[in-house]
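Working notes, structure below.
There are 2 protein chains.
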Amino acid sequence: MVQTHTYQEIKRQPETWRQTIGMALSRADEVKQTFAALQPEEVIFTGCGTSYYVSIAAAAAFQEKTGLPAWSVPASEVFLNPGSVFSKKRKTILVGCSRSGNTTEVVRAIEFARQNKLAHCFAITTRPSSQLADKADTVFHLSHVQENSVVMTGSFTNMLLAAQLLAGILPGDEAYLGELKRLPEIGEDVIARVESLAKDIGKDRNFSHYIYLGMGAQFGLANEGMLKLKEMTQLFSETFNPLEFRHGPISVLDEKCRVILLSSQSIRPYERDVVDDVRKFGANALVIGDRLEDFQCDIKIELNSGLTDLARGVLYLPFLQLLAYYRTLDLGLNPDRPRNLDKVVLLKN
Amino acid sequence: MVQTHTYQEIKRQPETWRQTIGMALSRADEVKQTFAALQPEEVIFTGCGTSYYVSIAAAAAFQEKTGLPAWSVPASEVFLNPGSVFSKKRKTILVGCSRSGNTTEVVRAIEFARQNKLAHCFAITTRPSSQLADKADTVFHLSHVQENSVVMTGSFTNMLLAAQLLAGILPGDEAYLGELKRLPEIGEDVIARVESLAKDIGKDRNFSHYIYLGMGAQFGLANEGMLKLKEMTQLFSETFNPLEFRHGPISVLDEKCRVILLSSQSIRPYERDVVDDVRKFGANALVIGDRLEDFQCDIKIELNSGLTDLARGVLYLPFLQLLAYYRTLDLGLNPDRPRNLDKVVLLKN
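Order-wise, the sequence lines are chains D and F. Going by the UniProt record's numbering, the first sequence wraps up at 349, each residue one higher than the last. Going by the UniProt record's numbering, the second sequence wraps up at 349, each residue one higher than the last.
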């Protein structure tokens with residue numbers, strides 16, 4: 001097998017998570033003081049593409065753990081539709097995520113918020129020498145995560161983990177931080193267990209339409225699974241909240257569809273019904289979750305982490321990334337060089 | 001031509017808008033008093049499927065016009081992930097949208113919010129005798145909008161218009177209300193002008209993949225355009241924010257793709273660049289907007305309303321609905337009875 005950048009970057013994730021945990025915990029006192037001094041009333045996460053999907057998952061964890069209202073918007077909305085993003089009555093922290101730190105929309109979002117005194121700006125990026133890092137008030141540097149591939153893999157999980165660590169550090173939630181600290185070790189076990197499954201499933205040519213389902217924080221992860229497959233293979237792939245899927249989109253199901261549900265332990269009874277419908281309409285149901293016991297579906301991927309829904313998020317990704325990777329190889333495409341894409345999107349205007 | 005329910009319900013929209021305007025304005029003093037007494041600090045719009053897409057568009061207009069923070073979530077998130085939806089520190093109004101008023105998730109969302117004293121509940125529904133209408137504290141009844149088709153058409157535009165009227169009534173924004181009052185007359189003209197185009201484009205068999213792009217409030221409308229096509233034809237259809245589209249999904253473009261951009265006058269320079277990329281990769285670009293002048297694209301649909309981006313939203317829908325309708329007829333399917341769908345989604349649990 002050719003050792004592509006994508007493959008290496010997927011496989012080394014648990015080791016990079018260890019370093020992200022070390023980085024964030026070493027900054028704990030400082031970020032607590034920053035938030036205490038600012039007394040923010042809301043936190044808005046933003047990014048583009050993969051980094052926007054980080055934002056969706058991060059915001060759900062952040063609000064749950066800190067009690068501060070948190071949500072996510074694409075970076076373009078921040079400076080093009082600021083009236084529907086910011087409320088001048090509130091003290092806001094804007095958290096911008098970007099692998100390169102040079103994506104025009106994220107840089108412009110931070111600039112816009114600072115120039116108009118709309119928010120304190122916090123950045124999470126893998127490039128300490130970048131416009132985003134330069135312009136933000138506070139930065140989480142992930143300089144140990146340098147990716148050569150066009151598609152983002154380890155940068156997604158590390159930026160998400162950094163945001164989750166922030167969500168645990170601020171309220172001093174030691175139980176949550178304890179769960180996050182276990183991720184590197186559990187992640188190594190998960191990757192060792194899921195790779196051959198991902199390879200087999202990636203070689204399966206029976207499905208031309210992939211549907212990713214996830215709720216709450218898992219909706220961000222499901223979107224990222226969808227985007228990996230779409231970017232690398234151009235296969236038709238979509239994401240829905242599992243209950244929303246029934247309100248119209250379920251009409252597309254047939255035997256060419258593989259539905260990949262990212263299970264949340266807390267909503268299991270609803271998930272069972274959605275999966276029953278998926279199978280009733282002739283589609284294939286693959287469920288990835290922590291423990292799936294007697295769940296009736298076609299393929300089960302068990303993470304067996306024992307972690308809560310909001311802590312184990314990054315553990316879903318290696319399987320989803322490897323599935324896209326092996327599907328790409330089977331199609332004879334180069335995972336490192338997907339069609340129509342550049343590594344950083346720069347706007348002309 | 002068979003006079004399907006779907007067709008009749010699309011065509012009669014401007015007349016129903018007239019009645020929705022009358023209903024909302026007759027309730028102006030009452031809803032202003034309700035909001036003044038409650039002093040809400042945020043407004044959360046919710047719904048399922050088409051009604052969730054109403055919520056996305058409604059929240060953008062609501063925050064812009066009232067200055068109150070407003071956003072949207074799928075109804076299932078309200079009761080299954082309340083910790084990432086509600087902040088106990090804030091006084092919240094939850095606006096639930098549902099054509100039937102009996103969709104389990106919306107009813108459960110309202111029940112959950114009331115039982116836990118999380119929000120004052122406002123409902124927008126076409127069925128005054130429904131669980132949603134019974135359980136909500138305040139209701140906008142759209143009893144003049146009764147639909148027989150499974151797919152929602154006029155109920156989308158009328159629920160959105162009702163929410164927009166609320167957004168104009170509360171701050172007493174007479175300019176915005178004046179724009180909304182012109183919609184029925186302009187809508188009649190738009191439908192008369194766009195139907196033959198929608199019919200021609202609906203018969204065009206060159207495209208198997210439809211991509212809808214829209215930003216801000218237009219993102220909700222783009223989603224609804226996508227869902228109509230998906231529900232009725234099961235063709236591949238997706239929605240993106242136009243700038244987000246470049247961050248990965250653009251890799252899918254080829255000559256089988258038709259991209260439908262719902263233009264916002266305020267972001268035209270960015271839209272031009274996205275459309276240039278769409279054409280560079282061999283796809284077909286259809287743009288629908290108010291005035292498109294020298295916009296370089298394959299097909300232009302001009303609304304010519306003279307209304308602002310946040311007022312003319314419902315005018316995009318007749319073309320998008322008719323396009324899906326005529327595509328459905330061309331495929332030999334019954335628009336009134338889409339595959340795998342029921343009119344109301346009821347949960348077992």
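Yeah, the Cβ is synthetic: ideal placement off N, Cα and C, and Gly gets one too.
Backbone secondary structure at residue i - three-state DSSP
| i | result |
| --- | --- |
| residue 89 of chain D | coil |
| residue 259 of chain F | strand |
| residue 145 of chain D | coil |
| residue 178 of chain D | helix |
| residue 73 of chain D | strand |
| residue 284 of chain D | strand |
| residue 119 of chain D | coil |
| residue 202 of chain D | helix |
| residue 41 of chain D | coil |
| residue 62 of chain D | helix |
| residue 353 of chain F | For residue 353 of chain F there is no data in the structure shown, the boundaries of chain F being 1 and 349. |
| residue 305 of chain D | coil |
| residue 253 of chain F | coil |
| residue 355 of chain D | Residue 355 of chain D falls outside the range modelled here, since chain D spans only 1 to 349, and no answer is possible. |
| residue 266 of chain F | helix |
| residue 343 of chain D | coil |
| residue 221 of chain F | helix |
| residue 233 of chain F | helix |
Contact check, residue i vs residue j, beta carbons under 7 Å
| i | j | result |
| --- | --- | --- |
| residue 317 of chain F | residue 157 of chain F | yes |
| residue 168 of chain F | residue 161 of chain F | no |
| residue 155 of chain D | residue 99 of chain D | yes |
| residue 24 of chain D | residue 165 of chain D | yes |
| residue 107 of chain D | residue 16 of chain D | no |
| residue 301 of chain F | residue 319 of chain F | yes |
| residue 290 of chain F | residue 266 of chain F | no |
| residue 365 of chain D | residue 153 of chain D | Nothing can be reported for residue 365 of chain D: it is not among the residues displayed for chain D, which extend from 1 to 349. |
| residue 171 of chain D | residue 91 of chain D | no |
| residue 313 of chain F | residue 221 of chain F | yes |
| residue 74 of chain F | residue 184 of chain F | no |
| residue 65 of chain F | residue 189 of chain F | no |
| residue 326 of chain D | residue 228 of chain D | no |
| residue 315 of chain F | residue 303 of chain F | yes |
| residue 79 of chain D | residue 118 of chain D | no |
| residue 330 of chain F | residue 203 of chain F | yes |
| residue 55 of chain F | residue 76 of chain F | no |
| residue 256 of chain D | residue 207 of chain D | yes |
| residue 129 of chain D | residue 102 of chain D | no |
Inter-residue CB distance, residue i and residue j (contact presumed, cutoff 8 Å)
| i | j | result |
| --- | --- | --- |
| residue 194 of chain D | residue 322 of chain D | 7 Å |
| residue 121 of chain F | residue 45 of chain F | Wrong, their Cβ atoms sit about 12 Å apart, outside the cutoff. |
| residue 224 of chain D | residue 242 of chain D | Actually they are not in contact, since the Cβ atoms of residue 224 of chain D and residue 242 of chain D sit about 16 Å apart, beyond 8 Å. |
| residue 215 of chain F | residue 264 of chain F | 6 Å |
| residue 52 of chain F | residue 244 of chain D | 7 Å |
| residue 4 of chain F | residue 335 of chain F | 5 Å |
| residue 297 of chain D | residue 285 of chain D | 4 Å |
| residue 278 of chain D | residue 253 of chain D | 6 Å |
| residue 328 of chain F | residue 232 of chain F | 4 Å |
| residue 123 of chain D | residue 113 of chain D | With a Cβ gap of about 11 Å, residue 123 of chain D and residue 113 of chain D do not count as contacting. |
| residue 258 of chain F | residue 283 of chain F | 7 Å |
| residue 238 of chain F | residue 238 of chain D | 6 Å |
Best match in the options for proximity to residue i [C-alpha to C-alpha]
| i | options | result |
| --- | --- | --- |
| residue 341 of chain F | F:24, F:149 and F:10 | F:149 |
| residue 230 of chain F | D:233, D:123, D:103 and D:250 | D:250 |
| residue 348 of chain F | D:320, D:344, D:274 and D:314 | D:274 |
| residue 143 of chain D | D:211, D:14 and D:159 | D:159 |
| residue 70 of chain D | D:196, D:83 and D:94 | D:94 |
| residue 248 of chain D | F:256, F:327 and F:50 | F:50 |
| residue 63 of chain F | D:79, D:68, D:88 and D:76 | D:88 |
| residue 57 of chain F | F:294, F:292, F:262 and F:337 | F:262 |
| residue 47 of chain D | D:186, D:19 and D:163 | D:163 |
| residue 21 of chain D | D:201, D:141, D:210 and D:111 | D:141 |
| residue 345 of chain F | F:7, F:34 and F:151 | F:151 |
| residue 81 of chain F | D:219, D:18 and D:38 | D:219 |
| residue 211 of chain F | F:19, F:192, F:36 and F:235 | F:235 |
Minimum Cβ-Cβ distance from residue i to chain A less than 7 Å
| i | result |
| --- | --- |
| residue 281 of chain D | The question asks about chain A, but that chain is absent: this structure's protein chains are D and F. |
Query raised in the report: Which residues, in order along the segment 218-248 of chain D, keep a beta-carbon less than 7 Å from a beta-carbon of chain F?
Result: 227, 230, 231, 234, 236, 238, 241, 243, 244, 246, 247 and 248
Requested in this report: Would you list, in chain order, the members of the segment 332-346 of chain D that have their beta-carbon closer than 7 Å to a beta-carbon of chain F?
Outcome: 338, 339, 340, 341 and 345
Query - Cβ-based contacts, 7 Å cut-off: residues of the segment 68-81 of chain D near chain F - result: Those would be 69, 71, 74, 76, 77, 80 and 81, in chain order.
Requested in this report: Note down, in chain order, all residues in the segment 287-318 of chain F with a beta-carbon under 7 Å from any beta-carbon belonging to chain D.
Outcome: So the list is empty, because no residue satisfies the distance condition.
Query raised in the report: Got a sec: which bits of the segment 254-268 of chain D sit with their beta carbon under 9 Å from any beta carbon on chain F, in order along the chain?
Result: 254, 264, 266 and 267
Report task. Could you run through the segment 12-30 of chain D and flag, in chain order, every residue whose CB is less than 8 Å away from some CB of chain F? Result -> With the criterion set as a beta carbon lying under 8 Å from some beta carbon of chain F, the segment 12-30 of chain D has no members that meet it.
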